[in-house]
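Chemist: Chains as they are written, first to last, in our numbering: chain A, 46 to 273; chain H, 46 to 273; chain C, 46 to 273; chain Z, 46 to 273; chain E, 46 to 273; chain V, 46 to 273.
#1: Where residue 182 (chain H) and residue 96 (chain C) are concerned, what is the direct C-alpha to C-alpha distance, given to the nearest angstrom?
#2: Given residue 215 (chain V), which residues of its chain have a CB within under 7 Å of its CB, disregarding the five upstream and five downstream residues?
#3: Is there a C-beta anywhere in chain H that falls below 8 Å from the one on residue 219 (chain A)?
#4: Closer than 8 Å by beta-carbon distance: list the chain A residues that pair up with residue 192 (chain V), in chain order.
#5: Output yes if chain A places a C-beta closer than 8 Å to the C-beta of residue 208 (chain H); else output no.
#6: For residue 256 (chain V), name the three-state secondary structure that DSSP assigns.
#7: Would you say residue 195 (chain Z) and residue 222 (chain Z) are within 8 Å of each other, going by their C-beta atoms?
#8: Using only the alpha-carbon positions, how far apart do residue 104 (chain V) and residue 147 (chain C) sit?
#9: Spatial neighbours of residue 271 (chain E) within its chain, please: CB distance less than 8 Å, with the 5 preceding and 5 following residues excluded, ordered by chain position.
#10: Tell me, please, which residues DSSP counts as bridged to residue 197 (chain V).
#11: Below 7 Å on C-beta distance, what does residue 233 (chain Z) contact in chain C?
#12: In three-state terms, what does DSSP make of residue 243 (chain Z)?
#13: If you compare alpha carbons, which of H:197, H:199, H:121, H:230 is closest to residue 208 (chain H)?
#14: Determine, for residue 73 (chain C), whether the minimum Cβ-Cβ distance to residues of chain H falls below 8 Å.
#15: Is the distance from the Cβ of residue 99 (chain C) to the Cβ of residue 142 (chain C) below 8 Å?
#16: Cβ atoms of residue 258 (chain C) and residue 239 (chain C): under 8 Å apart, would you say?
#17: Note down, one range per segment and in chain order, each alpha helix (DSSP H) of at least 4 residues found wholly within the stretch 85-172 of chain C.
#18: Determine, using beta carbons only, whether residue 154 (chain Z) comes closer than 8 Å to chain E.
#19: Check the Cβ of residue 177 (chain H) against every Cβ in chain C and list those closer than 8 Å, keeping chain order.
#20: Identify every residue that forms a DSSP beta bridge with residue 58 (chain A).
#21: Measure how close the beta-carbons of residue 112 (chain H) and residue 246 (chain A) come, nearest whole angstrom, since I'm counting them as under 8 Å.
#22: Label residue 46 (chain E) either buried or exposed according to how many other C-beta atoms from any shown protein chain fall within 10 Å of its C-beta, with 16 as the threshold for buried.
#23: Quick check: the stretch 64-74 of chain A against the stretch 188-205 of chain A, are there 3 or more CB pairs under 8 Å?
#24: Suppose contacts are defined by Cβ-Cβ distances below 8 Å. Is residue 179 (chain Z) in contact with residue 69 (chain Z) by that definition?
#25: Suppose the cutoff is 6 Å on Cβ atoms and the five residues either side in sequence are ignored; what does the same chain contact list for residue 199 (chain A) look like?
#26: Starting from the Cα of residue 122 (chain E), find the closest Cα among E:133, E:110, E:115 and give me that residue.
#27: Consult DSSP for residue 271 (chain V) and reduce its assignment to one of helix, strand or coil.
#28: Using 8 Å as the threshold, is the C-beta distance between residue 132 (chain E) and residue 153 (chain E) below it?
#29: So is residue 156 (chain V) buried or exposed if we call it buried at 16+ other beta carbons inside 10 Å?
#30: Output the distance between the C-alpha atoms of residue 57 (chain V) and residue 232 (chain A), rounded to the nearest integer angstrom.
#31: Assuming residue 231 (chain E) is part of the beta strand (DSSP E), what are its boundary residues?
#32: Cα-Cα, which of V:135, V:220, V:210 is closest to residue 186 (chain E)?
#33: Would you mind reading off the limits of the alpha helix (DSSP H) that contains residue 219 (chain H)?
#34: Check for me: the beta strand (DSSP E) holding residue 251 (chain V) runs from which residue to which?
#35: Beta-carbon of residue 240 (chain A) versus every beta-carbon of chain H: anything under 8 Å?
#36: For a test of the three-state rule: what should DSSP assign to residue 181 (chain C), helix, strand or coil?
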């Protein structure tokens with residue numbers, strides 16, 4: 046079992062993720078996807094001594110470092126210690142970029158012997174892939190590599206504003222799990238909730254849980270929303 | 046009659062499926078489609094001595110084996126006994142892949158004299174087919190072969206997250222049956238329900254039933270949801 | 046007047062259908078379209094001595110025969126008596142298939158002097174037609190032939206799962222009638238209802254009626270749903 | 046003023062239609078569009094001695110004649126008397142068909158000095174027009190001709206089953222009026238209602254009215270639906 | 046300030062429109078867009094001595110003149126006095142028509158020194174423009190010309206039947222104002238309401254107002270709908 | 046921290062924006078996007094002595110100056126003092142325009158050493174970009190430049206009338222923040238509300254707030270809408 050880095054989340058997924066699995070984290074803008082991803086990587090490095098690769102396609106590495114300091118997560122320090130490799134892949138480089146980027150990620154994983162990977166976001170990474178068939182092949186290839194490398198992976202997935210469907214409609218089937226971060230407007234207030242429609246090989250909770258972004262990172266309420 | 050491998054499901058379809066029929070199992074991510082498929086194959090092999098082919102297009106064979114051990118379904122052992130052939134077809138091989146994959150499945154069926162087949166998922170298998178007309182021809186061809194081989198088949202069908210329509214809109218008409226696995230959010234909790242809109246030649250129930258994924262696999266409640 | 050073969054349906058359409066008319070029967074999977082079509086043909090042959098052609102594009106002829114035996118409708122026997130011609134056109138044969146299939150149907154009608162025809166389904170038959178304009182021309186041609194042959198026709202139309210619109214959006218205008226078979230989920234139970242938005246030249250009921258698939262075939266409730 | 050042929054309709058549009066205007070009659074299948082069109086033509090010929098052209102693109106002329114006899118409207122007799130010209134244009138003749146058909150209609154109008162025209166349906170007539178721009182040009186040309194010919198025109202417009210938008214989204218702006226025939230399912234019963242969103246140069250009612258298809262044709266309730 | 050020609054409308058927009066601004070008037074068929082446009086032009090000419098151009102793309106000039114006589118607006122007389130130029134541009138002339146039409150409008154404005162312009166409708170005028178980018182450029186060019194000519198302009202915009210979105214989705218941003226004429230079905234009656242989502246540089250009302258088409262033209266209720 | 050120029054907004058975002066961040070301001074027509082943008086620039090120049098560039102793609106510079114005088118914001122004066130550069134980019138110049146415009150903006154920023162930028166609107170600026178992939182690359186490039194230039198930026202985003210989704214569905218992920226200006230019709234009155242789904246590195250409020258356009262510009266209510 047691989048801890049998610051969030052104890053309150055581990056509690057509802059039998060203790061953690063299966064090694065080498067690929068888990069999607071879907072959410073609208075501001076849902077907390079990147080925070081969850083960094084928490085997974087940072088705590089993996091500091092608490093379980095697992096190196097991690099964080100590939101960012103949306104936020105520059107410099108801003109990510111700056112913004113995560115508010116949680117006292119010093120990514121720059123971990124980079125120096127070779128515990129984290131923060132890949133800034135925001136500026137995609139044309140149609141060949143998908144493979145180049147995947148190579149960069151694979152190389153980074155091997156370099157530091159990473160056991161954790163975050164792709165933030167899979168939507169960003171696959172921008173240049175045009176057909177669903179190519180995208181499906183690409184994801185199959187990536188999944189195979191990560192399974193063999195025993196590298197547990199979180200891929201964030203962008204749910205555009207005012208929509209609820211995700212990606213191309215197949216990613217959630219090829220992934221081993223799906224964590225939904227909801228941030229819907231309810232009685233004139235944004236409510237953040239997390240639930241897990243799918244986690245292969247895990248007897249996961251079927252409830253929705255309120256969650257909060259605290260100074261220590263994401264904290265999932267221990268009480269299901271239905272019982273509050 | 047061919048048992049579905051799930052006694053609580055057999056009870057609402059007059060005891061089982063018609064031999065050689067092709068039944069769709071539609072559901073969103075995490076609905077339990079693969080579990081139902083493996084249960085159909087595993088129990089077919091162990092309880093009715095019918096060999097089965099399980100063709101997976103979404104989850105690697107190795108992960109599938111690992112995850113099914115939680116139900117004490119040892120697929121590797123059945124593979125050694127030639128009772129199950131687990132085809133890993135996740136990495137599709139270009140546009141010609143559809144026919145190549147169908148050939149692989151047909152060969153596997155003949156090899157072990159399989160009377161059961163699971164295609165997980167039909168959506169994945171048909172990724173490279175571009176027009177509805179070609180897809181329809183392909184399904185017609187496959188159905189014919191399976192009817193002649195007297196091979197009862199479950200095809201899972203992916204209902205993308207936050208959508209409810211399935212496939213290209215014709216598969217449910219060409220199939221002999223349609224089992225819907227719902228996993229909708231209800232009062233902040235995912236509820237799993239099963240119902241059967243269509244089962245040709247079977248006086249099937251018209252009710253919705255709650256179902257559960259237990260340590261022994263899928264278990265359908267004997268009491269219709271409307272009466273609970 | 047041509048009886049629909051279902052006395053309880055005849056009662057709400059002034060006794061039957063106009064000779065040579067083309068009536069659409071629209072419904073989702075499992076709605077009972079094929080059962081209604083076979084009942085129309087079988088009872089036409091056995092009770093009114095009218096030969097009939099049943100062209101199937103979705104279910105193999107062999108399975109159709111097997112499944113209809115549960116209603117004691119022995120199609121094979123009627124085929125031997127030249128009262129029914131069961132055309133298995135599931136495996137469409139490329140782009141030219143539309144005309145080839147139409148020819149096959151016309152020939153079959155002439156061969157046994159059929160006065161009844163079922164096309165199951167019109168959606169399946171028109172798979173290879175790509176533009177709405179071509180489809181419209183095709184339907185115009187077919188309607189003309191059937192009117193001249195005085196062959197009363199039912200065409201089933203596929204309403205895909207989780208959708209409600211039908212066909213290309215013009216078939217219901219070119220047809221002489223439209224019978225809708227609803228099978229919607231209501232309080233966790235599939236309810237089957239029938240209503241008739243359109244029947245040219247007939248003072249048809251405007252009510253919805255529950256209907257049942259009984260051991261003798263489709264039976265429409267005599268009491269409108271609104272008054273139950 | 047040109048009577049619509051339906052006294053109960055004339056009452057809510059200040060007595061009738063403006064001469065040379067083009068009025069759309071939109072409705073779903075079975076709404077009563079053709080009945081209204083024939084009533085407009087038949088009563089125009091018999092009560093106001095105005096010749097009329099009825100161009101049908103959906104129902105064959107022979108069936109139309111048969112079906113209208115139930116209202117005692119003998120179209121064949123009026124054809125012999127040169128009071129009505131019933132153009133059967135169901136079988137469109139390829140891409141050039143639009144102009145050919147418009148020519149046929151114009152010629153028919155001149156031949157019998159028609160002051161009334163029904164196009165049933167405009168959707169059918171424009172099947173072969175592919176772009177919105179071409180369609181708009183076509184309608185502009187037709188409107189100009191009809192205005193100069195002082196030929197008051199009803200064009201039926203097909204609202205496909207389970208949809209509510211009409212045509213290409215511009216016809217209702219280029220026409221001088223829009224009559225909507227609703228036939229919606231309400232408490233398990235089809236209710237027929239008529240209302241008039243638009244009638245240029247007419248102080249038309251803004252209410253919805255129930256209407257009925259009686260043995261004498263369409264009859265609009267004199268009491269608005271809101272007050273019943 | 047330029048009066049809208051409708052005193053009851055001026056009251057809710059601080060007295061009138063800004064000179065040289067381009068205001069969209071969006072509405073479904075029958076909403077009163079043309080009436081508002083003619084009232085703006087007619088009253089501008091007769092009460093403020095401002096010449097105006099009315100470019101019609103949907104209704105022929107002859108019908109427009111006829112229909113406006115019911116309000117005692119004699120457009121023909123104003124044309125003779127060179128106070129109004131009524132451009133009939135219904136029959137667009139192919140792909141080059143957009144520029145030709147814009148030239149015709151610009152010339153007409155210069156000819157009579159017009160300070161008011163109505164384009165009825167912008168949707169019609171832009172029919173031949175195929176891409177959003179070209180359309181945006183076209184509108185930018187037109188706006189620039191009208192601002193320099195100090196010609197206050199109303200552009201009607203077609204909201205198709207049973208839809209609510211307008212145009213290509215950018216016109217409302219490039220325009221200086223947006224007046225929405227609603228004509229929705231409410232309790233079986235068409236209700237006409239006006240509201241103003243946007244009016245740059247004007248402290249406009251944020252309320253909805255019922256409005257009526259009276260023998261003197263459009264009259265907006267002085268009391269907001271919410272307080273009635 | 047960079048003040049937004051709106052004290053009542055600063056209060057709910059921990060005092061202001063992060064330097065060099067790119068914030069989206071999404072809203073329907075009339076929501077107040079441009080007012081917010083000008084207020085950000087004007088107050089930045091006059092109260093914090095930060096020069097600013099305002100690039101307008103929708104409203105001409107001349108009209109913008111005229112309309113902002115109602116708030117006593119004299120943009121012309123600030124232009125003379127080189128505190129603001131008002132770029133009028135409404136007339137885009139073909140497909141190469143995107144890069145030309147970006148160059149113009151970058152040059153303007155360097156010229157006056159701007160620390161604030163408004164792009165009004167990003168939708169307008171990206172009109173000529175045709176694929177999502179190119180658009181994503183373009184935004185990545187722009188973000189990088191602005192981060193390096195430490196130029197805090199607001200980009201308005203057009204939410205078309207009667208729709209709620211924004212842009213191409215990725216902009217809100219690549220931006221550092223998203224401020225939504227709602228202007229929805231509620232009980233026959235347009236209500237203006239602001240909320241902030243996303244603000245990276247900021248512990249922003251999750252509430253909705255009513256806001257008003259006052260003679261001094263935008264003023265956000267200090268009390269969340271839920272508590273009023």
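Backbone N, C-alpha and C define an ideal beta-carbon position, used for all residues, glycine too.
Modeler: To lay it out plainly:
#1: Here residue 182 (chain H) corresponds to residue number 137 of the second chain, with the count starting at 1. Here residue 96 (chain C) corresponds to residue number 51 of the third chain, with the count starting at 1. If you take the alpha carbons of residue 182 (chain H) and residue 96 (chain C), they lie about 30 Å apart.
#2: As a first step, residue 215 (chain V) is located in the sixth chain; it is residue number 170 there, counting from the start. The answer, listed in chain order, is 177, 181.
#3: Taking the first chain and counting its residues from 1, the one referred to as residue 219 (chain A) is at position 174. Taking Cβ atoms only, chain H reaches closer than 8 Å to residue 219 (chain A), which makes this a yes.
#4: The sequence position of residue 192 (chain V) within the sixth chain is 147, counting from 1. Going along chain A in sequence order, the residues near residue 192 (chain V) (Cβ under 8 Å) are 105, 107, 108.
#5: In the second chain, counting from the first residue as 1, residue 208 (chain H) sits at position 163. Interface residue, yes.
#6: Taking the first residue of the sixth chain as position 1, residue 256 (chain V) is located at position 211. Of the three classes helix, strand and coil, the one that applies to residue 256 (chain V) here is strand, per DSSP.
#7: Locating residue 195 (chain Z) in the fourth chain gives position 150, where the first residue counts as 1. Locating residue 222 (chain Z) in the fourth chain gives position 177, where the first residue counts as 1. Cβ distance not < 8 Å, so residue 195 (chain Z) and residue 222 (chain Z) don't count as in contact.
#8: Translated into positions along the sixth chain, residue 104 (chain V) becomes position 59. Translated into positions along the third chain, residue 147 (chain C) becomes position 102. When rounded, the distance between both Cα atoms is 60 Å.
#9: Within the fifth chain, numbered from 1, the residue matching residue 271 (chain E) stands at position 226. Hits under 8 Å: 252, 253.
#10: In the sixth chain, counting from the first residue as 1, residue 197 (chain V) sits at position 152. Bridge partners of residue 197 (chain V): V:161.
#11: For this step, residue 233 (chain Z) is matched to residue 188 along the fourth chain. Neighbours of residue 233 (chain Z) on chain C, chain order: 252, 253, 269, 270, 271.
#12: Translated into the one-based positions of the fourth chain, residue 243 (chain Z) becomes position 198. Correct three-state label for residue 243 (chain Z): strand.
#13: Sequence index remark: in the second chain, residue 208 (chain H) carries index 163 (1-based). Nearest of H:197, H:199, H:121, H:230 to residue 208 (chain H), Cα basis: H:230.
#14: Position 28 of the third chain, counted from the start, is the residue given in the question as residue 73 (chain C). Taking Cβ atoms only, chain H reaches closer than 8 Å to residue 73 (chain C), which makes this a yes.
#15: On the third chain, position 54 is the one that residue 99 (chain C) refers to. On the third chain, position 97 is the one that residue 142 (chain C) refers to. Cβ atoms of residue 99 (chain C) and residue 142 (chain C): not closer than 8 Å.
#16: Locating residue 239 (chain C) in the third chain gives position 194, where the first residue counts as 1. Locating residue 258 (chain C) in the third chain gives position 213, where the first residue counts as 1. Contact: no.
#17: 106-113, 120-125, 142-157, 167-170
#18: Indexing the fourth chain from 1 puts residue 154 (chain Z) at position 109. Residue 154 (chain Z) does not count as touching chain E.
#19: By one-based count along the second chain, residue 177 (chain H) stands at place 132. What residue 177 (chain H) touches in chain C: 172.
#20: Residue 58 (chain A) sits at position 13 when you count from the first residue of the first chain. Per DSSP, none; premise fails for residue 58 (chain A).
#21: Working through the second chain from its first residue, we reach residue 112 (chain H) at position 67. Working through the first chain from its first residue, we reach residue 246 (chain A) at position 201. Yes, residue 112 (chain H) and residue 246 (chain A) are in contact; Cβ-Cβ is about 3 Å, under 8 Å.
#22: Numbered from its first residue, the fifth chain carries residue 46 (chain E) at position 1. Its Cβ having fewer than 16 others within 10 Å, residue 46 (chain E) is exposed.
#23: yes
#24: Taking the fourth chain and counting its residues from 1, the one referred to as residue 179 (chain Z) is at position 134. Taking the fourth chain and counting its residues from 1, the one referred to as residue 69 (chain Z) is at position 24. Going by C-beta atoms, residue 179 (chain Z) is not nearer than 8 Å to residue 69 (chain Z).
#25: Within the first chain, the letter at position 154 stands for residue 199 (chain A). Excluding sequence neighbours, residue 199 (chain A) sits near 68, 70, 82, 85, 163.
#26: Translated into positions along the fifth chain, residue 122 (chain E) becomes position 77. Cα-wise, what sits closest to residue 122 (chain E) is E:110.
#27: Position 226 of the sixth chain, counting from 1, holds the residue named residue 271 (chain V). Looking at residue 271 (chain V) - three-state DSSP - the assignment turns out to be helix.
#28: As a position in the fifth chain, residue 132 (chain E) is number 87, starting the count at 1. As a position in the fifth chain, residue 153 (chain E) is number 108, starting the count at 1. Closer than 8 Å, so yes.
#29: Locating residue 156 (chain V) in the sixth chain gives position 111, where the first residue counts as 1. When all chains shown are included, residue 156 (chain V) counts as exposed.
#30: Translated into positions along the sixth chain, residue 57 (chain V) becomes position 12. Translated into positions along the first chain, residue 232 (chain A) becomes position 187. Going from the Cα of residue 57 (chain V) to the Cα of residue 232 (chain A) covers about 18 Å.
#31: The residue you call residue 231 (chain E) lines up with position 186 of the fifth chain. Here the beta strand (DSSP E) through residue 231 (chain E) covers 222-231.
#32: As a first step, residue 186 (chain E) must be located in the fifth chain, where it is residue number 141. Checking every option, the nearest Cα to that of residue 186 (chain E) belongs to V:135.
#33: Locating residue 219 (chain H) in the second chain gives position 174, where the first residue counts as 1. Residue 219 (chain H) -> alpha helix (DSSP H) spans 216-219.
#34: Numbered from 1 along the sixth chain, position 206 holds the residue referred to as residue 251 (chain V). Here residue 251 (chain V) belongs to no beta strand (DSSP E), and DSSP marks it neither H nor E.
#35: Locating residue 240 (chain A) in the first chain gives position 195, where the first residue counts as 1. Answer yes: the Cβ-Cβ gap between residue 240 (chain A) and chain H drops below 8 Å somewhere.
#36: The residue labelled residue 181 (chain C) in the question sits at position 136 within the third chain. Three-state result, residue 181 (chain C): helix.
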